[in-house]
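Presented below is the structure to which this report refers.
Number of protein chains: 2
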Amino acid sequence: MKAPRLTLIALPGLPEVCAGDHLAELILAAMDGAELSFQAGDVLTVAQKIVSKAEGRTRRISEITPSAQAIEIAEKCQKDPRKVQAILDETNGDKSTAIVRIAEGVLIVRHQQGWVCANAGIDESNLGADKQGELLLLPLDADASAEKIASGIEQATGIRPGVVITDSFGRPWRRGLLNVALGTADVPPIVDWIGEQDAYGRPLTVTQQALADEIAAASGLLSLKNAALPVCLLRGLHWQGTKEASARTLVRPLNEDLFR
Amino acid sequence: MKAPRLTLIALPGLPEVCAGDHLAELILAAMDGAELSFQAGDVLTVAQKIVSKAEGRTRRISEITPSAQAIEIAEKCQKDPRKVQAILDETNGDKSTAIVRIAEGVLIVRHQQGWVCANAGIDESNLGADKQGELLLLPLDADASAEKIASGIEQATGIRPGVVITDSFGRPWRRGLLNVALGTADVPPIVDWIGEQDAYGRPLTVTQQALADEIAAASGLLSLKNAALPVCLLRGLHWQGTKEASARTLVRPLNEDLFR
């Protein structure tokens with residue numbers, strides 16, 4: 001019996017990404033450099049950091065004036081009030097839902113895009129040697145970021161890969177970080193097996209497969225934190241493209257949230 | 261530049277697993293059938309369901325008498341009180357920490373092994389056509405289950421693969437299920453990058469990579485819910501074996517839990 005298999009390839013040779021860079025072009029050049037070319041059914045994972053850099057999603061800490069609320073929260077969680085202000089600015093500002101947990105060294109918020117994560121996903125590391133004092137924010141619309149990469153590659157090659165924009169999040173109850181999907185193009189974020197049967201012909205009950213998060217997590221196996229490998233190619237995955245889905249469907253609606 | 265790559269292979273041809281079966285033997289036979297042989301550095305993922313079946317971790321619903329507490333909880337979450345009793349029996353029984361959330365159709369508990377998950381991981385599907393009315397419980401010691409598989413393969417082949425026992429869990433704030441690591445042999449559950457530097461020479465701050473959970477999640481890409489592919493082989497991963505680690509290190513200690 002032929003064993004189903006898939007291959008995950010980390011793309012070397014990407015340059016440091018700057019605001020205004022076209023990621024599709026950089027990825028295509030790196031593919032050439034690695035003697036790879038796109039095939040139908042390929043999926044790309046792209047780390048949020050290079051997406052945010054390309055989109056110029058930075059703020060200079062010295063230009064931020066913290067509000068009274070930011071100063072109060074900063075005292076509780078022992079963070080720089082200006083960074084807390086930047087974090088609050090990434091939420092929707094709704095006091096009842098924006099702040100999820102405050103503890104020493106910990107500020108977990110609900111990003112305006114719905115993601116619940118530490119520090120609204122704002123990052124200081126990997127900003128480049130001359131970027132000290134800058135904060136890197138999450139993309140404004142990570143689905144659009146993914147779409148732009150997929151379209152750019154399609155225009156150049158005639159092959160349109162699925163794209164998943166990833167970031168590493170912590171989670172309750174389990175230690176360690178795991179990559180999750182912030183944005184998708186074509187790749188269905190969730191595959192719904194409801195109505196399908198298990199191997200013994202019984203109806204499956206709990207059956208929502210978080211496909212885009214599985215892809216994101218898998219990419220973490222090659223995109224090590226201390227290596228410059230922000231793009232992975234996943235080849236051999238059995239998937240059906242969708243134009244309608246958004247990675248926002250991975251965000252559990254507030255009315256289903258048992259853990260505010 | 262050579263692109264780092266890894267391959268994930270789903271192992272076909274495993275028979276229905278029964279209590280008392282030796283998984284290492286079944287896996288070796290399936291490897292032969294798929295014309296595969298183990299190589300140094302291989303990692304196996306094994307779905308909890310076949311581990312629990314091999315270990316006979318079943319309970320017959322008709323033999324369970326629910327307690328008053330189980331009946332009360334069952335009313336709140338609209339579940340069979342006997343199933344609720346089975347779920348409570350899988351916790352450590354500590355009322356202040358065992359039950360994490362109750363809602364309609366939802367009972368999230370802390371398993372005695374520390375895992376926070378729906379229904380204590382108890383499963384009814386995929387039990388086999390003649391097993392209606394039986395519940396499948398999580399393994400008693402999933403690290404030991406992993407160790408037994410790794411040792412069995414080592415004894416037969418001289419090559420000792422890393423092993424990760426997986427189960428699919430839901431999570432707060434994000435929809436869909438994702439495979440996580442319940443037990444490990446040799447594979448470090450968490451890789452700690454603290455003290456390392458990012459690509460620009462700045463110290464990394466948040467840097468605990470949940471490696472075993474990444475491996476588990478990746479296996480979900482091939483082990484589709486409605487296919488009988490409970491074992492995957494991961495080849496090409498760069499990892500360093502450890503004898504000391506337990507998948508229990510992925511469980512966040514109670515005193516760090518902000519989401520009881």
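Those protein sequence lines, which keep their order, are chains A and B.
Positions 1 to 260 (the working numbering) are the ones given, in order, by the first sequence.
Positions 261 to 520 (the working numbering) are the ones given, in order, by the second sequence.
Each residue gets a CB set at the ideal place from its N, CA and C atoms; glycine is no exception.
As the structure is a prediction and not an experimental result, all values here were calculated from the model.
Query, Result
"Burial state of B/H371 (16 or more Cβ within 10 Å)", "buried"
"From B/L283, B/S411, B/A476, B/Q457, residue whose alpha carbon lies closest to that of B/I425", "B/A476"
"Rounded distance between the beta-carbons of A/G13 and A/A30, thought under 8 Å", "5 Å"
"Burial state of A/K95, where buried means 16 or more other Cβ atoms lie within 10 Å", "exposed"
"Identity of the residues DSSP links to B/R361 by a beta bridge", "B/I368"
"Buried or exposed (CB count within 10 angstroms, at least 16 for buried), B/C278", "exposed"
"Which listed residue (B/H282, B/A263, B/K262, B/E276) has its alpha carbon closest to that of B/Q415", "B/H282"
"Chain A contact for B/G376 (CB, 8 Å cutoff)", "Here the sequence assigns Val to residue 376 of chain B, which means Gly is not the residue at that position. So yes, B/V376 belongs to the interface."
"Of the listed residues B/K336, B/A358, B/L271, B/G501, nearest to B/S483 (C-alpha basis)", "B/L271"
"Reference A/R252; option with closest CA among B/L286, B/L437, B/L367, B/N379", "B/L437"
"Residue environment, B/G381, which counts as buried when at least 16 other CB atoms sit within 10 Å", "buried"
"Closer than 8 Å to chain B by CB, A/I215", "yes"
"Proximal residues to B/I454 (C-beta, below 6 Å), its chain only, five neighbours per side dropped", "T467"
"7 Å Cβ cut-off: residues of chain A touching B/G480", "Q209, E214"
"Residue closest to B/P399, alpha-carbon to alpha-carbon, out of B/V344, B/Q469, B/I359, B/R319", "B/R319"
"Within chain B, partners of A/D257 - CB distance below 9 Å", "P432, W433"
"4-residue-minimum alpha helix (DSSP H) runs that sit fully inside the segment 130 to 179 of chain A, ordered along the chain", "142 to 157"
"Per-residue DSSP class, three states only, for B/A507", "helix"
"Minimum C-alpha distance to B/L396 - residue among B/N439, B/K309, B/L348, B/I269", "B/K309"
"Residues that A/T7 contacts on chain B, provided the C-beta gap is smaller than 7 Å", "R265, T267"
"Alpha carbon of B/T444 to alpha carbon of A/L229, nearest angstrom", "27 Å"
"Selected residue, minimal CA-CA separation from B/P341, among B/T357, B/L367, B/N352, B/R361", "B/L367"
"Beta carbon proximity, A/L178 to chain B, threshold 8 Å", "yes"
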